[in-house]
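Peer 1: Numbering (this note's numbering), first residue to last: 1 to 417.
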Amino acid sequence: MKIILSEKPNLRYQSNASFNPDEVRAKLPDPTGNDVVELLKKNTCFPETNGVTGTCFSGLNMSARIVLISGCSSGIGLATAVLLAKDAEKRFKVYATMRNMAKKGQLEEEGKDQLGDTLIIKQMDVCSDESVTMAVKDVMDTEGRIDILFNNAGVPLMSVFDCIPMDLAKETFDINFFGTLRLIQAVLPGMKARQSGHIINNTSTFAIIGTPFFEIYCASKFAVEGLTESLVPTLRQFNIRVTNINFHLTIFIPVDMVGALCSHFPSQCCSARFGELAAINNIGRTKRRAGSKKKKRRWAEVSQLFLCTLLEPGPVSSAVGECNAERTKNIDLTTADQKTRDIWQGLLGRIGGIFEEKVVLSPLEVADSVREIILSENTNFRFQPSKEFYSEEIAARFADATGYKSVDLISQKFCPE
Numbered sequence: 001m002k003i004i005l006s007e008k009p010n011l012r013y014q015s016n017a018s019f020n021p022d023e024v025r026a027k028l029p030d031p032t033g034n035d036v037v038e039l040l041k042k043n044t045c046f047p048e049t050n051g052v053t054g055t056c057f058s059g060l061n062m063s064a065r066i067v068l069i070s071g072c073s074s075g076i077g078l079a080t081a082v083l084l085a086k087d088a089e090k091r092f093k094v095y096a097t098m099r100n101m102a103k104k105g106q107l108e109e110e111g112k113d114q115l116g117d118t119l120i121i122k123q124m125d126v127c128s129d130e131s132v133t134m135a136v137k138d139v140m141d142t143e144g145r146i147d148i149l150f151n152n153a154g155v156p157l158m159s160v161f162d163c164i165p166m167d168l169a170k171e172t173f174d175i176n177f178f179g180t181l182r183l184i185q186a187v188l189p190g191m192k193a194r195q196s197g198h199i200i201n202n203t204s205t206f207a208i209i210g211t212p213f214f215e216i217y218c219a220s221k222f223a224v225e226g227l228t229e230s231l232v233p234t235l236r237q238f239n240i241r242v243t244n245i246n247f248h249l250t251i252f253i254p255v256d257m258v259g260a261l262c263s264h265f266p267s268q269c270c271s272a273r274f275g276e277l278a279a280i281n282n283i284g285r286t287k288r289r290a291g292s293k294k295k296k297r298r299w300a301e302v303s304q305l306f307l308c309t310l311l312e313p314g315p316v317s318s319a320v321g322e323c324n325a326e327r328t329k330n331i332d333l334t335t336a337d338q339k340t341r342d343i344w345q346g347l348l349g350r351i352g353g354i355f356e357e358k359v360v361l362s363p364l365e366v367a368d369s370v371r372e373i374i375l376s377e378n379t380n381f382r383f384q385p386s387k388e389f390y391s392e393e394i395a396a397r398f399a400d401a402t403g404y405k406s407v408d409l410i411s412q413k414f415c416p417e
């Protein structure tokens with residue numbers, strides 16, 4: 001009732017100001033997203049537990065990390081697959097997937113020297129339960145694990161909201177949201193069993209800032225962010241106590257293998273380098289494996305992390321425009337009212353200035369960001385490669401609990417009076 005009668009209600013209205021107030025305040029001023037997740041972990045029904053504290057291993061798999069990427073026929077997915085597969089230290093083995101294998105030519109050409117070695121191309125349709133299940137099973141049967149999932153597959157949708165057919169809206173959600181959901185559900189059992197892994201979900205700055213004529217696209221990406229953030233408190237029951245949506249497991253390895261571990265893996269997999277053993281405790285502790293008659297070995301506890309990251313790039317110089325034109329070519333804009341059509345036409349005349357060259361990233365620049373996320377010690381829950389695009393709007397959104405500052409800025413840019 002207050003909202004209806006108010007002359008200017010806030011865009012965001014919390015009727016129960018006493019429910020999760022700390023979490024709400026943490027989310028709005030904190031663009032990294034880390035603070036709200038920490039508070040949710042403490043205050044929901046999933047507090048820190050003292051579950052399984054360790055697993056004894058007779059040895060460690062020092063092979064390359066297994067990376068599964070969706071949407072690799074072009075753009076960010078292709079660039080990331082090639083960049084990781086070409087890693088000089090061969091730290092990654094990439095399974096690059098795409099729906100239409102007829103489009104694999106560019107990927108094969110750019111990664112021709114790595115094909116069959118650190119680059120494997122597979123068919124996978126993220127809109128198909130069966131296809132996703134089969135692709136993940138094939139990788140698991142071959143490698144025994146998936147260390148990193150990069151949910152990259154997605155499609156744009158920019159048009160007049162009033163005219164978008166429901167089938168097109170559903171298709172957008174099926175690819176952008178449900179495709180991400182299918183893959184997470186497919187890889188989680190293996191990651192939970194190992195208590196190790198990294199999930200990177202490619203969303204968008206449009207997943208932070210709602211934007212006119214991108215309404216359906218924004219909604220699908222907002223949904224991915226909500227899904228990702230909501231998963232964390234539950235997943236942290238798997239012995240998690242690290243800041244950046246990191247799933248934390250204490251494992252026991254022989255002390256004489258610590259140096260080899262830390263030299264092979266970056267610090268995000270072994271959170272202390274040899275010589276800075278902040279995460280290696282109880283050096284000298286002895287432990288005998290069950291049934292072993294061999295001499296006792298000295299063991300050390302090492303932190304292993306399970307990470308989850310939202311990648312939020314701005315505009316990228318890829319085939320997005322052509323894809324959007326193809327997807328929207330049959331939309332009848334004449335069914336919209338005249339004022340809305342005028343706003344739409346005005347936006348088309350200014351769109352080049354909004355997406356100016358200095359804020360547009362190349363697919364390779366975003367791929368570099370993905371590699372940085374994977375290799376970084378401390379990656380924020382939210383990672384924005386484009387520091388200039390929507391920077392003022394993002395700052396306003398996270399600083400303003402009413403929600404109007406960012407909306408006003410977007411209105412000035414897309415729908416000026």
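The beta carbon of each residue, even a glycine, is placed where N, CA and C say it ideally should be.
Out of curiosity, what's the CA-to-CA distance linking D174 and C127?
Peer 2: Near 6 Å, if we compare the C-alpha coordinates of C127 and D174.
Peer 1: Out of I410, R99, P156 and V160, which one is the CA nearest neighbour of Q338?
Peer 2: Closest by alpha carbon: V160.
Peer 1: Do the CB positions of L78 and L107 come within less than 8 Å of each other?
Peer 2: In this structure, L107 lies closer than 8 Å to L78 by Cβ.
Peer 1: Would the C-beta of D138 count as close to the ligand SAM, meaning under 7 Å from any of its heavy atoms?
Peer 2: No copy of the ligand SAM occurs in the structure displayed, which carries no ligand at all.
Peer 1: So who's on the other strand from F92, going by DSSP bridges?
Peer 2: Partner(s): R65.
Peer 1: Return helix, strand or coil for L107, following the three-state DSSP convention.
Peer 2: DSSP places L107 in helix when its eight states are reduced to three.
Peer 1: Going by Cα to Cα distance, which pick from A396, T340 and Q195 is closest to E417?
Peer 2: Taking only the C-alpha atoms, the option nearest E417 is T340.
Peer 1: Where do the N-terminal and C-terminal ends of the beta strand (DSSP E) with I199 fall, by residue?
Peer 2: Unbroken beta strand (DSSP E) run through I199: G197 to N202.
Peer 1: Do the region 115-131 and the region 85-94 make contact, defined as three or more Cβ pairs closer than 8 Å?
Peer 2: These segments touch.
Peer 1: Quick check: what's the CA-CA separation for V82 versus G226?
Peer 2: Straight-line Cα distance between these residues: approximately 30 Å.
Peer 1: Between N152 and I76, is the Cβ-Cβ spacing less than 8 Å?
Peer 2: Contact flag set, yes.
Peer 1: Kindly confirm or deny that the region 308-326 and the region 136-156 touch, where touching means at least three C-beta pairs closer than 8 Å.
Peer 2: The answer is yes - the region 136-156 touches the region 308-326, with three or more Cβ pairs under 8 Å.
Peer 1: Identify the residues that DSSP records as bridge partners of T122: which are they?
Peer 2: The question names Thr, but residue 122 is Lys in the sequence shown. Answer by DSSP bridge pairing, in chain order: T97.
Peer 1: Is DSSP giving L157 helix, strand or coil here?
Peer 2: L157: coil per DSSP, three-state reduction.
Peer 1: Under the rule that 16 or more other beta-carbon atoms within 10 Å means buried, what is G352, buried or exposed?
Peer 2: Answer is exposed; the Cβ neighbour count stays below 16.
Peer 1: Measure the alpha-carbon distance for L348 versus I216 and round it to whole angstroms.
Peer 2: Answer to the nearest angstrom: the Cα atoms are 18 Å apart.
Peer 1: Under the rule that 16 or more other beta-carbon atoms within 10 Å means buried, what is E393, buried or exposed?
Peer 2: E393 is buried by the Cβ-count criterion.
Peer 1: How many Å lie between D138 and L310 at the Cα?
Peer 2: Roughly 26 Å between the two C-alpha positions.
Peer 1: Between the C-alpha atoms of T211 and I184, what's the straight-line distance to the nearest angstrom?
Peer 2: Roughly 27 Å between the two C-alpha positions.
Peer 1: Quick check on G105: buried or exposed, where buried means 16 or more other Cβ atoms within 10 Å of its Cβ?
Peer 2: Answer is exposed; the Cβ neighbour count stays below 16.
Peer 1: Report the rounded CA-to-CA distance for A375 versus V366, giving the unit in angstroms.
Peer 2: Per the sequence shown, residue 375 should be read as Leu rather than Ala. Using only the alpha carbons, I get a separation of about 14 Å.
Peer 1: Which same chain residues end up closer than 7 Å to A336 when comparing Cβ atoms and leaving out the 5 residues on each side of it in sequence?
Peer 2: Cβ neighbours of A336 beyond the five flanking positions: V160, D162 and C163.
Peer 1: Run the CB neighbour count on P165, radius 10 Å, all protein chains shown included, and call it buried at 16 or more, exposed below.
Peer 2: Result: exposed.
Peer 1: Could you please give the first and the last residue of the uninterrupted beta strand (DSSP E) stretch that includes L149?
Peer 2: L149 -> beta strand (DSSP E) spans I148 to N151.
Peer 1: Who pairs with L311 in a beta bridge, going by DSSP?
Peer 2: Its beta-bridge partners are N202 and F383.
Peer 1: Compute the Euclidean distance between the alpha carbons of E110 and D141, then round it to the nearest angstrom.
Peer 2: If I take the Cα positions, the gap works out to 27 Å.
Peer 1: Enumerate in chain order the residues of its own chain whose CB-to-CB distance from S369 is below 8 Å, with the five nearest sequence positions on each side excluded.
Peer 2: Excluding positions up to five away in sequence, the list reads L311, P313, F383 and P385.
Peer 1: If you follow the alpha helix (DSSP H) that N324 is in, where does it begin and where does it stop?
Peer 2: V320 to T328 is the extent of the alpha helix (DSSP H) around N324.
Peer 1: Which residue's Cα is closest to the Cα of V187: A135, D332 and R99?
Peer 2: Nearest C-alpha to V187: A135.
Peer 1: By the 10 Å Cβ neighbour count, where 16 or more other Cβ atoms means buried, how is Q345 classified, buried or exposed?
Peer 2: It is exposed - the Cβ of Q345 has fewer than 16 other Cβ atoms within 10 Å.
Peer 1: Following the continuous alpha helix (DSSP H) through R341, name the residue where it begins and the one where it ends.
Peer 2: Where R341 is concerned, the enclosing alpha helix (DSSP H) stretches over Q338 to I354.
Peer 1: Could you check if N201 is buried or exposed, using at least 16 other CB atoms within 10 Å of its CB as the buried criterion?
Peer 2: Buried, since its Cβ has 16 or more Cβ neighbours within 10 Å.
Peer 1: Could you tell me if N330 is buried or exposed, where buried requires 16 or more neighbouring beta carbons within 10 angstroms of its beta carbon?
Peer 2: When all chains shown are included, N330 counts as exposed.
Peer 1: Of all the options Q123, K192 and V224, which has the alpha carbon lying nearest to the alpha carbon of A207?
Peer 2: For the residues Q123, K192 and V224, the minimum Cα distance to A207 belongs to V224.
Peer 1: Can you tell me whether V360 is helix, strand or coil according to DSSP?
Peer 2: The answer is coil: DSSP assigns V360 none of H, G, I, E or B.
Peer 1: Would DSSP call V255 helix, strand or coil?
Peer 2: Confidence in V255 is poor, its pLDDT being 43 and thus under 50, which makes the residue's placement unreliable; the coordinate value appears in the next sentence. Correct three-state label for V255: helix.
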